[in-house]
Amino acid sequence: MVWGRVKAFFDNDFEESAAPSVHFENVGVRYGMGPEVLRDLTFSIEPNSFQFLTGPSGAGKTTLLRLILLSVKPTRGLISLFGEDVSRISKDDLTDLRRRMGVVFQDFRLLDHLTTYENVALPLRVQGKEEASYRNEVVELLRWVGLGDRMHMLPPVLSGGEKQRAAIARALIVRPDLLLADEPTGNVDPSLARRLLRLFIELNRLGTSVVIATHDFGLMDQLNVRRLVLGDGQLHIDE
Amino acid sequence: MNDPSRSGAPKPEDGQRPLPASLRRNAPLVPVDSAGGQALAAVIAILTFLAALCAGGAELVATSSSQWRSDIAREVTIQVRPNAKRSIDADVDRAVALARQTPGVEQAQPFSKTESERLLEPWLGTGLDFNDLPVPRLIVIKLQEGLKPDFTTLRQALKEQVPGASLDDHALWVSRLSTMANTIIGIGTVLVILVLVAAGLAVTFATRGAMAGNREVVDVLHFVGANDDFIAKEFQRRFFKLGLRGSAFGAGIALFLTTLLGFVTSSWRASPAGDQIEALFGSFSISWRGYLLVVLIALAVAVITGVVSRLTVRRFLNENG
């Protein structure tokens with residue numbers, strides 16, 4: 001099933017949207033009455049693009065990802081996702097937009113009371129799909145990320161790398177148009193980091209826009225792609 | 240690159256066993272079976288138990304009072320007071336004859352002199368000579384079932400032909416009894432409603448606690464594309480099951496206790512205390528209506544638990560974005 005989709009992408013059997021996946025215009029955000037932690041952010045993430053989001057610790061990488069996820073509201077500026085202005089978005093539309101995004105959290109955020117299989121299948125389950133329609137797909141993806149023999153285990157007994165791969169599989173299972181990954185290699189050894197990077201490259205080749213937040217220069221040096229650099233609350237783009 | 244064998248990615252493992260029909264364990268997405276959840280189930284069990292006792296008690300009173308009222312309403316009494324200038328036996332016979340002529344009267348039975356004197360024995364003691372006392376005589380009239388005769392004619396005839404006779408249709412007593420029974424039933428109903436409201440409030444607090452405790456789970460569900468309604472339904476499902484478990488336990492204990500009390504009182508039936516209890520409450524057992532009421536209360540508590548939790552979750556999510 002996964003390979004059917006792979007073929008569809010490579011045969012260009014999908015409709016590519018002309019609008020950028022993400023567009024920020026003069027966006028600023030502050031917490032409470034404090035100073036702006038991010039200011040004057042103006043950039044776009046094009047469909048099927050690959051970029052790193054980098055900067056020193058505390059520069060606001062996670063805040064920027066949360067702005068894209070719409071879990072933080074900007075204090076000024078305009079944000080549009082997939083061509084839609086999100087300033088007055090309804091809750092239903094917000095859910096629809098989130099279903100087009102996959103997110104890998106720095107702390108994985110797997111649900112500890114669900115098995116690896118159930119965690120990965122979660123985005124499909126919340127969409128109300130029958131298990132029979134996605135069971136093989138989830139198992140295939142779990143085997144693909146090397147967790148075939150860990151699918152019945154609960155997250156607390158998985159290693160850091162296994163949790164990372166489960167979180168990535170959960171983000172990929174819905175075939176997102178946009179993948180946001182926050183420090184996805186922060187808890188794994190360099191060898192596994194390279195494998196995970198290859199996985200993201202594969203995904204990007206399948207048509208997903210990928211944003212990887214990291215301050216690991218070793219990882220970024222492996223790939224000559226666009227870098228969004230955050231510093232002093234502002235964004236610089238290295239094409 | 241669309242062939243996995245050329246992509247450099249790990250191959251799907253060979254020789255896999257066929258997959259079972261379901262790999263899900265039907266685990267709830269929101270875990271509310273924590274210590275707080277168990278405490279809520281216990282609170283619901285206690286509240287359901289109290290509500291079932293109130294409802295069962297009210298039903299017992301309703302059934303007994305209905306029986307009393309029916310018995311009393313079917314009986315009318317004529318009291319013939321002695322008059323030195325008249326023969327009381329003749330007056331009694333005349334009153335009986337008049338009563339028997341009245342439509343709707345099934346039976347008119349006079350108490351003999353001896354029977355009337357025996358009625359006074361509990362108050363005056365035995366061995367007394369009642370000849371010196373002006374003991375009134377009673378005539379008990381049984382009415383045909385379902386009929387409510389008009390006693391105006393009989394009353395008028397007694398007044399004209401049997402001076403000193405009075406007719407008592409027990410209307411005042413029935414009215415007082417009805418008021419008392421309805422008050423008890425009303426109090427029982429209000430208590431049941433209060434208990435249900437208390438259950439709803441307990442569920443509201445428990446749901447808010449569960450929401451706060453599962454904030455991260457709720458966030459993850461939002462991020463993977465769950466809408467508020469889906470999350471609210473998940474909480475509703477969990478709390479409904481919790482409520483059903485608690486209310487079934489509470490209602491079960493209440494029914495068990497009622498049945499047990501029924502057995503105990505029936506074993507006392509021969510004793511004076513048992514007779515008094517039976518006189519007040521009838522046989523201390525609730526009818527099928529009572530059992531149905533208790534089951535309905537248990538279901539209502541479970542439904543209230545589910546619905547209140549769902550509304551609370553929706554409100555919580557609206558308030559907290």
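For the protein sequence lines, the chains are A and B, in the order given.
Just so you know, my numbering puts 228 at position 228 of the first sequence, and the rest follows in order with no gaps.
Just so you know, my numbering puts 449 at position 210 of the second sequence, and the rest follows in order with no gaps.
For every residue, glycine included, the Cβ atom is placed at its ideal position computed from N, Cα and C.
It should be emphasised that the depicted structure is a prediction, and the values quoted were computed from it without experimental measurement.
Asked, Found
"With the cut-off set at 9 angstroms, would you say A/Leu110 and A/Lys163 are in Cβ contact?", "yes"
"Return the first residue and the last residue of the alpha helix (DSSP H) that B/His461 is part of.", "Arg454 to Phe462"
"For the region 458 to 472 of chain B, which residues have a CB atom closer than 8 angstroms to at least one CB atom of chain A, in sequence order?", "Asp458, Val459, Leu460, His461, Phe462, Val463, Gly464, Ala465, Asn466, Asp467 and Phe469"
"Is any beta-carbon of chain A found at less than 9 angstroms from that of B/Arg264?", "yes"
"Helix, strand or coil for B/Pro342? Go by DSSP, reduced to three states.", "coil"
"Please list, in chain order, the chain B residues whose beta carbon lies closer than 9 angstroms to that of A/His236.", "Within chain B, no residue comes near A/His236; the closest Cβ sits about 28 angstroms away, beyond 9 angstroms."
"Looking at B/Arg394 and B/Pro321, is the spacing between their C-beta atoms short of 9 angstroms?", "no"
"Kindly indicate which three-state DSSP category B/Leu576 falls into: helix, strand or coil?", "Only positions 240 to 560 of chain B appear in the structure, and residue 576 of chain B is not among them; the question remains open."
"Roughly how many angstroms separate the alpha carbons of B/Cys293 and B/Trp412, rounded to a whole number?", "26 angstroms"
"Where in the region 87 to 121 of chain A do unbroken runs of the alpha helix (DSSP H), each at least 4 residues long, occur, reported from the N-terminal end onward?", "91 to 98"
"Going by the beta-carbon positions, is the gap between A/Leu142 and A/Tyr117 smaller than 9 angstroms?", "yes"
"Please state whether DSSP places B/Lys352 in a helix, a strand or coil.", "helix"
"Can you list, in chain order, the residues of its chain with a C-beta nearer than 8 angstroms to that of B/Asn241? Leave out the 5 residues immediately preceding and following it.", "Its pLDDT being 36, under 50, B/Asn241 is placed unreliably in this model, and the value from its coordinates should be taken loosely. Counting only Cβ-Cβ distances below 8 angstroms, and skipping sequence neighbours, we find nothing."
"Look at B/Ala404 and B/Val319 and say whether their C-beta atoms are less than 9 angstroms apart.", "yes"
"Given that a residue counts as buried once 16 or more other Cβ atoms are within 10 Å of its Cβ, and exposed if not, what is A/Pro190?", "exposed"
"Any beta carbon of chain A sitting closer than 9 angstroms to that of B/Leu550?", "no"
"Helix, strand or coil for B/Val431 per DSSP?", "helix"
"Work out the CA separation of B/Leu532 and B/Gln346 for me, nearest whole Å.", "39 angstroms"
"How about A/Ser90 and A/Ile79: are their beta carbons less than 9 angstroms apart?", "no"
"Within a Cβ cutoff of 8 angstroms, which residues of the same chain sit near A/Leu196, ignoring the five residues on either side of it in sequence?", "Gln164, Arg165, Ile168, Pro184, Thr185 and Val188"
"Using only alpha-carbon positions, find the residue among A/Arg125, A/Leu38, A/Asn204 and A/Thr42 that is nearest to A/Ala59.", "A/Leu38"
"Is there a Cβ of chain B sitting closer than 9 angstroms to that of A/Phe14, yes or no?", "With a pLDDT of only 45 at A/Phe14, under 50, the local geometry of the prediction cannot be trusted, and no value is derived from it."
"Determine whether the Cβ of B/Glu558 lies closer than 9 angstroms to any Cβ atom of chain A.", "no"
"Going along the chain, which residues of the region 152 to 183 of chain A sit with their C-beta nearer than 8 angstroms to a C-beta in chain B?", "His152, Arg170 and Val174"
"With H, G and I counted as helix, E and B as strand and the rest as coil, what does DSSP make of A/Leu69?", "coil"
"Give me whichever residues DSSP pairs with B/His409 in a beta bridge.", "DSSP, once it has assigned bridges, lists no residue as partnering B/His409."
"Run through chain B and tell me which residues come within less than 7 angstroms of A/Gln127, C-beta to C-beta.", "Gly464"
"Would you be able to state if there are at least three C-beta pairs under 8 angstroms between the region 452 to 462 of chain B and the region 489 to 503 of chain B?", "no"
"Return helix, strand or coil for A/Gly58, following the three-state DSSP convention.", "coil"
"List the endpoints of the continuous alpha helix (DSSP H) containing A/Lys163.", "Gly160 to Leu172"
"Suppose you measure from the CA of A/Val138 to the CA of A/Val120; what does that come to, to the nearest Å?", "7 angstroms"
"Compute the Euclidean distance between the alpha carbons of A/Leu97 and B/Ala441, then round it to the nearest angstrom.", "36 angstroms"
"Taking DSSP's pairing of strands, which residues face A/His215 in a bridge?", "Answer by DSSP bridge pairing: none, since A/His215 is not bridged."
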